[in-house]
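Please read the structure below before turning to the comments.
Number of protein chains: 2
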Amino acid sequence: MQLTLLTLAEPNRFNIVELLKKAPRSVSEIVQALNIGQPQVSRHLRILSEAGLVRARNKAQQRIYSLEAQPFQDLDEWFDSFSILWEERLDNFEDYMLDYKRKEDV
Amino acid sequence: MQLTLLTLAEPNRFNIVELLKKAPRSVSEIVQALNIGQPQVSRHLRILSEAGLVRARNKAQQRIYSLEAQPFQDLDEWFDSFSILWEERLDNFEDYMLDYKRKEDV
DNA sequence: CGGTTAGTTAGTCATGTAACTAACTATAGA
DNA sequence: TCTATAGTTAGTTACATGACTAACTAACCG
Numbered sequence: 001m002q003l004t005l006l007t008l009a010e011p012n013r014f015n016i017v018e019l020l021k022k023a024p025r026s027v028s029e030i031v032q033a034l035n036i037g038q039p040q041v042s043r044h045l046r047i048l049s050e051a052g053l054v055r056a057r058n059k060a061q062q063r064i065y066s067l068e069a070q071p072f073q074d075l076d077e078w079f080d081s082f083s084i085l086w087e088e089r090l091d092n093f094e095d096y097m098l099d100y101k102r103k104e105d106v
Numbered sequence: 001m002q003l004t005l006l007t008l009a010e011p012n013r014f015n016i017v018e019l020l021k022k023a024p025r026s027v028s029e030i031v032q033a034l035n036i037g038q039p040q041v042s043r044h045l046r047i048l049s050e051a052g053l054v055r056a057r058n059k060a061q062q063r064i065y066s067l068e069a070q071p072f073q074d075l076d077e078w079f080d081s082f083s084i085l086w087e088e089r090l091d092n093f094e095d096y097m098l099d100y101k102r103k104e105d106v
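As given, the protein sequences belong to chains A and B, one line each in that order.
Mapping to my numbering: the first sequence position 32 is 32, numbers consecutive.
Mapping to my numbering: the second sequence position 65 is 65, numbers consecutive.
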């Protein structure tokens, strides 16, 4: 998960992922969409691939990249675990904060 | 969101956030939990703070840091948008893939 | 085969950033 | 006011990583 975050933090890779969310794409399609050269895209795709975020299938000379579900699902769950911060039962959360403060004050 | 990702990608900051998810904490409590010095923790907290992920309140000489909800909520929503990758209606998703392939073949 | 299209790999360079030490600031208490 | 506690800021160094160019590999086609 740590690895997934690190991989997504790079802006070009973030953009590649956004692109692939809409549909699988070939390397040259990705190159056209971003503002960097083909070797750079290739390298970022390798990093994404090694982190398990994308997968490639061959289509003649083309390589069609698409997203893998798992790591995104993992992060989705992780961020869900923060919902305590905003969810309905704010009152309860505040109780818990107060409780913490009480503990501090000892 | 980009910024939030970048900020969270650093392992120590990730750990700090995990800690603060459980409860607000003072700097020294965080220092004890991690394996780096106080200046480093202080610096990471500043970065987290500038990215809007945490907030501090003063308590005598201590600074008590806690999480801000908003950026986590934003990322939670963003990752939700990937649920097309794994959710129930896989069949529909496959249709959509096939549709894409058809487009390719033209 | 020879060429063309599609993509990857290697090597160099520059930049950003994390860790460390040392010095500084602020609050509390005797 | 002097000292101790709690944290921040500054300056240096080292390392990781992204961009670029050039060279390489693979698949298809005439």
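C-beta atoms are modelled at their ideal positions from N, C-alpha and C, and glycine is treated no differently.
Exercise. Which residues in the same chain as residue 36(A) place their Cβ atom closer than 7 Å to its Cβ, once the five residues preceding and following it in sequence are excluded?
Worked result: These residues qualify, in order along the chain: 12.
Exercise. From residue 103(A) to residue 56(B), what distance separates their C-alpha atoms?
Worked result: With a pLDDT of 49 at residue 103(A), under the threshold of 50, the modelled position of that residue is not reliable, and the figure given next carries that caveat. Distance from the CA atom of residue 103(A) to the CA atom of residue 56(B), rounded to whole angstroms, is 18 Å.
Exercise. Per DSSP, what kind of secondary structure is residue 61(A) in: helix, strand or coil?
Worked result: Three-state DSSP puts residue 61(A) in coil, outside helix and strand.
Problem set entry | Separation of residue 33(A) from residue 17(A), as counted between CA atoms | Distance between the alpha carbons of residue 17(A) and residue 33(A): 12 Å.
Problem set entry | Residue-level contact to chain B via CB, residue 6(A), 9 Å cutoff | Nearest CB-CB separation between residue 6(A) and chain B: below the 9 Å threshold.
Exercise. Using a Cβ cut-off of 7 Å, which residues of the stretch 22-44 of chain B contact any Cβ in chain A, in chain order?
Worked result: Cβ contacts with chain A: 23 and 24.
For this session: Tell whether a beta-carbon distance below 9 Å holds between residue 67(B) and residue 85(B).
Result: Not closer than 9 Å, so no.
Problem set entry | Chain-ordered chain A contacts of residue 75(B) [CB-CB under 9 Å] | Under the 9 Å cutoff, chain A gives 75, 79 and 82.
Exercise. How should residue 25(A) be labelled, buried or exposed, when 16 other C-beta atoms within 10 angstroms of its C-beta is the threshold for buried?
Worked result: By the 10 Å Cβ count, residue 25(A) comes out buried.
Exercise. Is residue 10(A) near residue 47(A), with beta carbons less than 9 Å apart?
Worked result: For the pair residue 10(A) and residue 47(A), the CB atoms are nearer than the 9 Å cut-off.
Exercise. At a CB-CB cut-off below 7 Å, which residues of chain A make contact with residue 85(B)?
Worked result: Neighbourhood of residue 85(B) in chain A, by CB distance below 7 Å: 67, 69 and 72, in chain order.
Exercise. Short check: CB of residue 81(A) to CB of residue 73(B), under 9 Å?
Worked result: If you check the CB distance, residue 81(A) and residue 73(B) do not come in under 9 Å.
Exercise. From residue 42(A) to residue 62(B), what distance separates their C-alpha atoms?
Worked result: Between residue 42(A) and residue 62(B), the C-alpha separation is close to 48 Å.
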